[in-house]
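Count the sequence shown with this note's numbering and you get residues 83 to 339, in order.
Ideal placement from N, C-alpha and C gives every residue a C-beta, glycine not left out.
Following: one structure in structure tokens, then a few remarks.
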Amino acid sequence: MVKAGLITGASSGIGKELARIHASRGNNVVLVARRVEALNELATELKEKYSVEAHVFAADLGNIDEVERLISSIKSTGIFINYLFNNAGFGGWGKFADRSAADDHQMIAVNVQALTALTHGFLPEMIEKNEGKILHTASTAGFIPGPLQATYFATKAFVVSLTKATNYELRNTAVSVTALCPGPVKTEFEFAAGMGNAKMFEKGADAYSTALKGYKAMMKGKTIIISDLGFHILINYLSPFIPKIFILKVVEKIQTK
Ligand SMILES: NC(=O)c1ccc[n+]([C@@H]2O[C@H](COP(=O)([O-])OP(=O)(O)OC[C@H]3O[C@@H](n4cnc5c(N)ncnc54)[C@H](OP(=O)(O)O)[C@@H]3O)[C@@H](O)[C@H]2O)c1
Numbered sequence: 083m084v085k086a087g088l089i090t091g092a093s094s095g096i097g098k099e100l101a102r103i104h105a106s107r108g109n110n111v112v113l114v115a116r117r118v119e120a121l122n123e124l125a126t127e128l129k130e131k132y133s134v135e136a137h138v139f140a141a142d143l144g145n146i147d148e149v150e151r152l153i154s155s156i157k158s159t160g161i162f163i164n165y166l167f168n169n170a171g172f173g174g175w176g177k178f179a180d181r182s183a184a185d186d187h188q189m190i191a192v193n194v195q196a197l198t199a200l201t202h203g204f205l206p207e208m209i210e211k212n213e214g215k216i217l218h219t220a221s222t223a224g225f226i227p228g229p230l231q232a233t234y235f236a237t238k239a240f241v242v243s244l245t246k247a248t249n250y251e252l253r254n255t256a257v258s259v260t261a262l263c264p265g266p267v268k269t270e271f272e273f274a275a276g277m278g279n280a281k282m283f284e285k286g287a288d289a290y291s292t293a294l295k296g297y298k299a300m301m302k303g304k305t306i307i308i309s310d311l312g313f314h315i316l317i318n319y320l321s322p323f324i325p326k327i328f329i330l331k332v333v334e335k336i337q338t339k
């Protein structure tokens, strides 16, 4: 049986590095995003460098029909998706009331709905075969409310919560679910979110080291990995002692352009 890791958002940033890391360990990959040329280029690179199978599926994950079609197309190939990297996602800057409802709905469709649908699509077979690992790319945004990116932070809170509950449900199996929670990372994210000059990205981490931390945590079956040490200390140890209003003020300030 042919096995492969499915990576969404493989055309850029963290997803591209996750695909490279997974393929470098001898695993076949299924690459998903909208930009098909970028996926084809990556597929050629991975096939040449690592002699693995690299399949490309172009899909707009903001469209649930395309997500369902993607799941059926992959299933019809007979490939067993034993690793699922739900990484595609984007943010959107601005006060909630000033943002368009359509833009927020698209964000929820990609960050929440597609991630949930893909997990439903591939988790049952992992459980049936008692083999598989899922890595959701969440964010440190999943632990706090985010003025000036209210909907984005809320989508990532969903992912963190879903991960904690599902990984617990799976505790007696060989299948695990992990959430990678980065702080700011230098990718195309800041531009897609309309916050190209926000101060927080000036000292952002690089995509490769962020992806590698997530990958290693997934292999160990950890529930949560906060890839940035400063945020790890802040969220796990200091935040219970910081007044909630202060956190809101700081988050708003660091996201101000
Ligand atoms: N960079 C950060 O500071 C940061 C911090 C915390 C968490 N994250 C999370 O990390 C993940 C990856 O982001 P990144 O930083 O690597 O940003 P990125 O470079 O902008 O990559 C985003 C990826 O998502 C894909 N994508 C976006 N909308 C899509 C859609 N409608 N359909 C299919 N694919 C779509 C993009 O592919 P196409 O455009 O080709 O479709 C791209 O491959 C996201 O979930 C993001 O929320 C990022």
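Can you have a look at residue i and say buried or exposed, based on whether 16 or more other CB atoms are within 10 angstroms of its CB?
| i | result |
| --- | --- |
| His187 | exposed |
| Gly312 | exposed |
| Met300 | buried |
| Ser93 | buried |
| Glu272 | buried |
| Glu310 | Before going further, note that residue 310 is Asp rather than Glu in the sequence given. By the 10 Å Cβ count, Asp310 comes out buried. |
| Asn318 | exposed |
| Gly91 | buried |
| Asn164 | buried |
| Gly228 | buried |
| Glu270 | exposed |
| Thr126 | exposed |
Do residue j and residue i come within 7 Å of each other at the CB atom, strictly closer than that value?
| i | j | result |
| --- | --- | --- |
| Ile209 | Leu166 | no |
| Val257 | Gly203 | no |
| Val241 | His218 | yes |
| Phe178 | Ala232 | yes |
| Ala275 | Gly174 | yes |
| Gly95 | Ala289 | yes |
| Asn110 | Glu135 | yes |
| Ala196 | Leu143 | yes |
| Thr292 | Pro264 | yes |
| Gly97 | Ile103 | no |
| His137 | Val118 | no |
| Lys326 | Ile307 | no |
| Val149 | Ala199 | yes |
| Thr255 | Asn212 | yes |
Do you know whose CA, among the options, lies nearest residue i's CA?
| i | options | result |
| --- | --- | --- |
| Ala147 | Ala191, Ser258, Ile163 | According to the sequence as given, residue 147 is Asp; it is not Ala. Minimum Cα distance to Asp147 is reached at Ala191. |
| His237 | Gly224, Ser309, Leu320, Gly312 | Reading off the sequence, residue 237 comes out as Thr, not His. Selected option, being the one with the closest Cα: Gly224. |
| Lys285 | Lys268, Phe172, Ser291 | Lys268 |
| Ile329 | Ala136, Ile226, Gly91 | Ile226 |
| Tyr250 | Gly265, Arg181, Lys304, Ile324 | Lys304 |
| Lys339 | Ile315, Lys295, Gly278 | Gly278 |
| Tyr234 | Gly171, Leu124, Ser106 | Gly171 |
| Ser158 | Val84, Ile308, Lys302 | Val84 |
| Leu282 | Tyr297, Arg116, Pro266 | The sequence shown places Met at residue 282, rather than the Leu named in the question. With distances taken between Cα atoms, Met282 lies closest to Pro266. |
| Ala141 | Val114, Glu99, Ala287 | Val114 |
| Lys302 | Glu207, Gln337, Arg253, Ala287 | Arg253 |
Rounded to the nearest angstrom, what separates residue i and residue j at their Cα positions?
| i | j | result |
| --- | --- | --- |
| Leu128 | Asn122 | 10 Å |
| Leu320 | Val332 | 14 Å |
| Asp260 | Lys131 | The question names Asp, yet the displayed sequence has Thr at residue 260. Those two C-alpha atoms are separated by around 28 Å. |
| Arg151 | Leu205 | 17 Å |
| Lys335 | His314 | 20 Å |
| Ile324 | Thr201 | 35 Å |
| Tyr297 | Ser106 | 12 Å |
| Leu262 | Asn145 | 24 Å |
| Leu316 | Ala120 | 36 Å |
| Gly108 | Ser154 | 25 Å |
| Arg181 | Leu230 | 10 Å |
| Met69 | Gly160 | The structure shown does not extend to residue 69, since the chain is modelled only from 83 to 339, so the question has no answer here. |
| Phe139 | Gln337 | 34 Å |
Closer than 7 Å, CB to CB, is residue i near chain B or not?
| i | result |
| --- | --- |
| Phe273 | The question asks about chain B, but that chain is absent: this structure has only one protein chain. |
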